[in-house]
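Asks: Would you mind keeping the following structure in view while I ask a few things?
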Amino acid sequence: MRTLESLFSRYGSPSSEMNETKHFYFTRADHIESIEHVQSEDKKAVNTINELLELAELLKEYRKTLFERAQEFLTAGYAMQLKITRNIDCWNDNKKFYVIEVLKILDLKNAEPVTVLQETYEGKERHTALKRFEQLKKLYPNIETIKNIDKRSWEK
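For any residue, its number in my numbering is found by taking its place in the sequence shown, counting from 1, and adding 1006.
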């Protein structure tokens, strides 16, 4: 009997994902030429059905773990973060732009931050972006702030 842990392992080591593939090779009944071949195809069909039923049960168990993970997300503590970043579009004539983000950082393992607000300003609107950053800083008191707008070493 396989377990959920065995589904999420590769080469005997735990894995972060599952990749199951099942191929079905059966001969059409009207093309079978002997009773022995009929019996072997029937036995193969029964085994395949049992494997699929076992996999269906494992997937039901997997859905339970997904529900538990969803509960963790919904009840997790969080911290707020305000970030302004200066980016350069190297593919579009080195245009500069500023991205302001308000993020919710969840207190969970392997959880990516939730974007509450995201605004983008062109490089010419640097002053407007900094002004908006200061407004948001006042709007969200005690928020962690990250200001990454300095030129990169390769730009100078």
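Using N, Cα and C, we set each Cβ at its ideal position, and we do this for glycine too.
Taking K1110 and Y1084 to be in contact with their CB atoms under 8 Å, please state how far apart those CB atoms are, rounded to whole angstroms.
Replies: 5 Å
Asks: Between the Cα of Y1104 and the Cα atoms of L1065, L1112, H1133 and T1081, which residue gives the shortest distance?
Replies: For Y1104, the nearest C-alpha among the options comes from H1133.
Asks: Please state whether the Cβ-Cβ distance between M1024 and F1014 is less than 7 Å.
Replies: yes
Asks: Smallest Cα separation from T1009: which of Y1068, V1044, N1116 and I1041?
Replies: Y1068
Asks: Could you give the distance in angstroms between the alpha-carbon of S951 and the alpha-carbon of K1115?
Replies: What the structure shows of the chain is the stretch from 1007 to 1162, and residue 951 is not part of that stretch, so it cannot be assessed.
Asks: Given this structure, state the Cα-to-Cα distance separating L1061 from I1055, to the nearest angstrom.
Replies: The alpha-carbon separation between L1061 and I1055 amounts to approximately 10 Å.
Asks: Locate the beta strand (DSSP E) running through N1056, then write down its first and last residues.
Replies: Looking at the DSSP string, N1056 is not in any beta strand (DSSP E); the run it does join, the alpha helix (DSSP H), is I1041 to T1081.
Asks: Between the segment 1071 to 1079 and the segment 1043 to 1054, do three or more beta carbon pairs fall short of 8 Å?
Replies: no
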